[in-house]
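Protein chains in written order, with our numbering: chain A, 1 to 486; chain B, 1 to 97. Just so it is clear, CB atoms sit at the ideal spot from N, CA and C, and this is done for glycine as well. This one's a predicted model, so the numbers in the text were calculated from it and none came from an experiment.
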């Protein structure tokens, strides 16, 4: 049975109605005082245009094109009196508003997102790790009493664990070094044959020795999305077995190429080890189990200390650094807030509005600091042994700390320079008084709310008898002094 | 007012108004310019007092159609058009038909 097809154009109103709708919409742009006459003229013109087209048998769809011109005409009406001075005044007035402040911060976040390529590091840290049952994946190191004593594992220990441990399902080795791959410097990882299977991925190498797998990002940026038949790592040529999924990464996103270990690797060389624990096995149980296996093979107790780090915990530890930096920053900045906190201000809707604005502004700023820290430093990177990168983490923690302090300080400073009523930035700064005459007098800067809500007195030499910032509300009768000329 | 220098398009609109086209759609038809160009030009010319506009007398109900808004040249407009014609000699050809 043939279906009657409905043309979506039939569902639209006829062109005359659409044109009329466009004209009425454009009328919203015209200043209110001229709107009625403007609409009357355009609708009359539309009537005569429709009549002329009907007489000439022209398609009535042209009416819509005719009506689109109404927007240009309406825009002319709206903008005809605008000159440079008026534009500058409007911009400077807009820039003082609370909305502009929040919009600028959102624009800053968008800028960070665009500059970083849409937050790859943040997404990697926040999204679930791309391994099957990632909560059971952990790295294993020797030592572990302090960060400084973290060592790689002897390769032969891994064989013992795979054979004798009851609490791990499997163990794989990995090591990465900086290499030249087809003339470009990148990290090249060498992993054991069971590495990808342990992480729950299809075996990328398929028993292919002298094969390499490219990370998605390296493949995209260096080969323009075309897979080469072979690549040269250092001086050795490898056949390219494939490209990893775009979401896959392991400890650091800087690894560009993955190859497999040869059958004759040195058994005594230390290497990174990743294990998949059996379900419901705790960190401590697994550590004791692995230590006992090693001790069974004659390694003394001190040398067999094992530390296990769950990969998801390590990856998200960057948030711990940021939280620590934030707490330190708040602790440092809090004394500056004391005069305001101690003032017993009644809770009003205005006070709630001010608090909401302050919290939103500060949260956006801190988010910008966090995102910039994650994307533009190597804060989220983890060392080959699954530990803290001593070269980058202290630096990134300091940067977080300084960034958070800067953000909080600016946020408080900006809040104090805003009107208590309309939250606009004050203007018309004027120097008042004589800096030398401090006996029962004061000197400082006086700022005025441009809407006429009040004045802020900022004393410069701090006197014990005087509040540092003093706000004076203006009487409503003074508001007309601040009325806008336009 | 006599110092106003018109763009070629504005001069063309002024020329067709002087030639007898008196309302927006008619000017569009004569010049071939789109509505988004013609109407803003009419506003600018009126603001510069080169043309004047007025509503068609009568009542829409009596006329059985909407009233039109008619435009006509002012004296200043006529003088400016003479100067524009000297500046754009081909203007005459564009509106000759």
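Buried or exposed: residue 192(A), going by 16 or more other Cβ atoms within 10 Å of its Cβ?
-> Position 192 of the first chain, counted from the start, is the residue given in the question as residue 192(A). Label assigned to residue 192(A): buried.
Can you have a look at residue 21(A) and say buried or exposed, based on whether 16 or more other CB atoms are within 10 angstroms of its CB?
-> If you number the first chain from 1, residue 21(A) lands on position 21. Classification for residue 21(A): exposed.
Assuming residue 270(A) and residue 152(A) make a contact with CB atoms under 8 Å, what is their CB distance in whole Å?
-> Against the first chain, residue 270(A) aligns to sequence position 270. Against the first chain, residue 152(A) aligns to sequence position 152. About 3 Å; that satisfies the 8 Å criterion.
Between the region 19-32 of chain B and the region 62-71 of chain B, do three or more beta carbon pairs fall short of 8 Å?
-> yes
Whose C-beta lies closer than 6 Å to the C-beta of residue 397(A) among residues of the same chain, with five residues either side of it excluded?
-> Stepping through the first chain from its first residue, residue 397(A) is reached at position 397. Result list for residue 397(A): 321, 325, in chain order.
So who's on the other strand from residue 366(A), going by DSSP bridges?
-> Residue numbering aside, residue 366(A) sits at position 366 when the first chain is read from its first letter. The partner list for residue 366(A) (beta bridge, DSSP) is empty, contrary to what the question assumes.
Of all the residues that make up the region 11-41 of chain A, which are near chain B by a beta-carbon distance shorter than 7 Å?
-> 41
Where does residue 9(B) fall in DSSP's three states?
-> Position 9 of the second chain, counted from the first residue, corresponds to residue 9(B). Helix.
Residue burial classification, residue 52(B) (beta-carbon count within 10 angstroms, cutoff 16) = The residue you call residue 52(B) lines up with position 52 of the second chain. Burial call: exposed.
Beta-carbon separation (whole angstroms), residue 70(A) vs residue 112(A), contact threshold 8 Å = Position 70 of the first chain, counting from 1, holds the residue named residue 70(A). Position 112 of the first chain, counting from 1, holds the residue named residue 112(A). About 40 Å separates the two Cβ atoms, so there is no contact after all.
Out of 14(A), 43(A), 15(A), 115(A), state which residue places its alpha-carbon closest to the alpha-carbon of residue 27(A).
-> Against the first chain, residue 27(A) aligns to sequence position 27. The candidate whose alpha carbon is nearest that of residue 27(A) is 43(A).
Can you give the beta carbon distance from residue 171(A) to residue 275(A), rounded, assuming they're within the 8 Å contact cut?
-> By one-based count along the first chain, residue 171(A) stands at place 171. By one-based count along the first chain, residue 275(A) stands at place 275. The Cβ separation is near 5 Å, so the contact holds.
Range of the contiguous beta strand (DSSP E) that encloses residue 21(B) | Working through the second chain from its first residue, we reach residue 21(B) at position 21. Where residue 21(B) is concerned, there is no enclosing beta strand (DSSP E), given that its DSSP letter is neither H nor E.
Scan the region 20-31 of chain B for residues whose Cβ lies nearer than 9 Å to a Cβ of chain E and list them as they occur along the chain.
-> Absent from the structure: chain E. Protein chains present are A and B.
State yes or no: is the C-beta of residue 240(A) within less than 8 Å of the C-beta of residue 228(A)?
-> Residue numbering aside, residue 240(A) sits at position 240 when the first chain is read from its first letter. Residue numbering aside, residue 228(A) sits at position 228 when the first chain is read from its first letter. Cβ atoms of residue 240(A) and residue 228(A): closer than 8 Å.
Roughly how many whole angstroms lie between the Cα atoms of residue 474(A) and residue 56(B)?
-> Position 474 of the first chain holds residue 474(A). Position 56 of the second chain holds residue 56(B). Answer to the nearest angstrom: the Cα atoms are 53 Å apart.
Identify whether residue 547(A) lies in helix, strand or coil by the three-state DSSP scheme.
-> Only positions 1 to 486 of chain A appear in the structure, and residue 547(A) is not among them; the question remains open.
Look at the Cβ atom of residue 374(A), then the Cβ atom of residue 318(A), and state whether they are nearer than 8 Å.
-> Position 374 of the first chain, counted from the first residue, corresponds to residue 374(A). Position 318 of the first chain, counted from the first residue, corresponds to residue 318(A). A contact, by the Cβ cut-off of 8 Å.
Are the region 280-287 of chain A and the region 305-319 of chain A touching, with three or more C-beta to C-beta distances below 8 Å?
-> yes
Cβ of residue 47(A) less than 8 Å from any chain B Cβ?
-> As a working note, residue 47(A) is residue 47 in the first chain. It does; some Cβ of chain B falls within 8 Å.
Give the residues of chain B in contact with residue 68(A), contact being defined as C-beta atoms less than 9 Å apart.
-> To locate residue 68(A), count along the first chain from 1; it is residue 68. Those are 34, 35, 36, listed as they occur along chain B.
Neighbour list for residue 69(B) in chain A, Cβ cutoff strictly below 9 Å = If you number the second chain from 1, residue 69(B) lands on position 69. Correct list: 37, 40, 41, 44, 45.
At a CB-CB cut-off below 7 Å, which residues of chain B make contact with residue 76(A)?
-> By 1-based counting over the first chain, the position of residue 76(A) is 76. Correct list: 40, 43.
Taking only the alpha-carbon atoms, compute the straight-line gap between residue 358(A) and residue 78(A) and give it to the nearest angstrom.
-> Here residue 358(A) refers to the residue found at position 358 when the first chain is read from its first residue. Here residue 78(A) refers to the residue found at position 78 when the first chain is read from its first residue. Cα to Cα, the separation comes out at about 35 Å.
Below-8 Å beta-carbon distance, residue 72(A) vs any chain B residue | On the first chain, residue 72(A) is found 72 positions in, with the first residue counted as 1. At least one chain B Cβ lies under 8 Å of residue 72(A).
Just reading off the alpha helix (DSSP H) that residue 91(A) is part of, what are its end residues?
-> For the purposes of this step, residue 91(A) is taken as residue 91 along the first chain, with counting starting at 1. From DSSP, the alpha helix (DSSP H) with residue 91(A) extends over 84-95.
Compare the C-beta of residue 57(B) against all C-beta atoms of chain A and say whether one is closer than 8 Å.
-> Here residue 57(B) refers to the residue found at position 57 when the second chain is read from its first residue. Residue 57(B) does not count as touching chain A.
Beta-carbon contacts of residue 30(A) that lie in its chain and below 8 Å, excluding the five residues immediately before and after | Your numbering for residue 30(A) matches position 30 in the first chain. Cβ neighbours of residue 30(A) beyond the five flanking positions: 38, 39, 74, 77, 78.
Spatially closest choice to residue 421(A) from 363(A), 442(A), 448(A), by CA coordinates = Translated into the one-based positions of the first chain, residue 421(A) becomes position 421. Taking only the C-alpha atoms, the option nearest residue 421(A) is 448(A).
Comparing the C-beta of residue 124(B) with each C-beta of chain A, is any distance below 8 Å?
-> This structure leaves residue 124(B) out entirely; chain B is present only between 1 and 97.
Would you call residue 66(A) buried or exposed, if buried means 16 or more other Cβ atoms sit within 10 Å of its Cβ?
-> The residue labelled residue 66(A) in the question sits at position 66 within the first chain. When all chains shown are included, residue 66(A) counts as buried.
Indicate whether residue 409(A) and residue 369(A) have their beta-carbon atoms separated by less than 8 Å.
-> Taking the first residue of the first chain as 1, we reach residue 409(A) at position 409. Taking the first residue of the first chain as 1, we reach residue 369(A) at position 369. Contact: no.
Member of 460(A), 120(A), 88(A), 372(A) whose CA lies at the smallest distance from the CA of residue 487(A) = Nothing can be reported for residue 487(A): it is not among the residues displayed for chain A, which extend from 1 to 486.
Whole-angstrom distance between residue 41(A) and residue 372(A), CA atom to CA atom | The residue given as residue 372(A) occupies position 372 in the first chain. The residue given as residue 41(A) occupies position 41 in the first chain. Cα to Cα, residue 372(A) sits roughly 54 Å from residue 41(A).
Note down, in chain order, every chain B residue with its Cβ under 8 Å from the Cβ of residue 52(A).
-> Residue numbering aside, residue 52(A) sits at position 52 when the first chain is read from its first letter. What residue 52(A) touches in chain B: 25, 29.
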